[in-house]
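Trainee: What follows is a single structure, and I will ask about it in a moment.
Residue numbers (my numbering): 56 to 146.
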């Protein structure tokens, strides 16, 4: 589970207050954005500000197992198989 957290609870409280005032949203909205349960434009902007300006730390509790991805040609035949590590696969 991904989320943005702070080392000190006082920093977290101050960051939440700053984000609430800057984006004119409620505290639960900030909390949902920091826990990646909301993915709108404002939530993305809040996460960006939290990571770059307010000292937030991106926590990732999920470890993805290595997966095998097949590369196909135009006929649908397998050309090669690639093992992807812990990075997410995006197309």
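Yeah, the Cβ is synthetic: ideal placement off N, Cα and C, and Gly gets one too. The model shown is predicted, which means the values in this text are computed figures rather than measured ones.
1) Touching or not, the region 72–89 and the region 123–136, by the rule of three or more beta carbon pairs under 8 Å?
2) Name, in chain order, the residues that DSSP records as bridge partners for residue 63.
3) Considering only their Cβ atoms, is the gap separating residue 57 from residue 114 smaller than 8 Å?
4) I need the DSSP call for residue 80, collapsed to helix, strand or coil.
5) Residue 82: which of 95, 94, 67 and 96 sits nearest, CA to CA?
Mentor: On the basis of the supplied data:
1) no
2) Beta-bridge pairing links residue 63 to no other residue.
3) yes
4) coil
5) 67
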